[in-house]
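Start counting the sequence shown at 299; every next residue gets the next number (my numbering). In this text, a Cβ means the ideal position worked out from N, Cα and C, and glycines have one as well.
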Amino acid sequence: MIRNYTAALLMSIGAFSLPSSEAMAEDSGTMKSMPSMHMDAGAAPSGSATAKLADLDISGGYVRAMLPGQPVGGGYITIHNTGKIDDKLTSVTSSAAGKVELHEMKMEGEIMKMREVKGGIAIPAGATVTLAPSTMHMMFRQVKAPFKQGGKVPVMLMFDKAGMIDINLPVVSAKGN
Ligand SMILES: [Cu+2]
299 MIRNYTAALL MSIGAFSLPS SEAMAEDSGT MKSMPSMHMD AGAAPSGSAT AKLADLDISG
359 GYVRAMLPGQ PVGGGYITIH NTGKIDDKLT SVTSSAAGKV ELHEMKMEGE IMKMREVKGG
419 IAIPAGATVT LAPSTMHMMF RQVKAPFKQG GKVPVMLMFD KAGMIDINLP VVSAKGN
């Protein structure tokens, strides 16, 4: 864990010498997770955002504060589909970032890697889908101001069936509590 943290931190510092951190992330396809993204998945921190949209119960929404030099931010949320029709989280946008991607985490040997989930995240009827640090996350790119603990990050979640909803995600510590 310590070694991963250092490697990721060095990587994010190293990003300054590249044309842009964006290029780094996209050229490699996968990249080592940011330090704040591979901590164990615990329960969502208290004060996390909740909302209701048609048959979807949304809870546990938050983002983590960004460490100095960290080029991207991570956000998490839980979606429970109480209905009888499968839905899908098709996209997320935020006025706080140029772009929000949906990513999944996978262990490759000892290295946690992430990749974009193309086509959105399925929210089957009756299922609860959790975007948590060890599974999936919203990745905020081209962040306008680094996320600071105590702040809020507005996002708009777009679902295939349920439509869209605006929700403010509280910014918790970089460790996720
Ligand atoms: Cu990511």
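Annotation for Gly396: Arg439 and Gln440 place their beta carbon closer than 7 Å to its own, counting only its chain and skipping 5 residues before and after.
Only exposed fits Ala423, as fewer than 16 other CB atoms lie within 10 angstroms of its CB.
Rounded to whole angstroms, the Cβ separation of Arg362 and Ala443 is 15 Å, and the two are not in contact under 8 Å.
Excluding five sequence positions before and after Ile421, the CB atoms of its chain that fall closer than 8 Å to its own CB belong to Leu354, Ile377, Asn379, Asp384, Asp385, Lys386, Leu387, Val427 and Phe457, given in chain order.
Proximity to Ala430 across Ser393, Gly372 and Ala349 peaks at Gly372, based on C-alpha coordinates. Here the alpha carbon of Ile356 sits roughly 10 Å from the alpha carbon of Leu455. Pairing Ser389 with Val451 gives a Cβ-Cβ distance that is not under 9 Å. A straight-line Cα-Cα distance of about 26 Å links Ala394 and Ala352. About 5 Å separates the CB atoms of Met412 and His401; that is less than 8 Å, so the two are in contact.
Listed as beta-bridge partners of Ala420 by DSSP are Lys386.
As DSSP reads the structure, Ser357 sits in a beta bridge with Thr376.
Counting every other CB atom within 10 Å of its CB across the protein chains shown gives Glu408 a total below 16, marking it as exposed. When DSSP states are grouped into helix, strand and coil, Ala347 belongs to the strand group. Checking the 8 Å criterion, the Cβ of Met437 is within range of a heavy atom belonging to ligand 1. According to the DSSP assignment, Gln440 belongs to the beta strand (DSSP E) that extends over Met434 to Val441.
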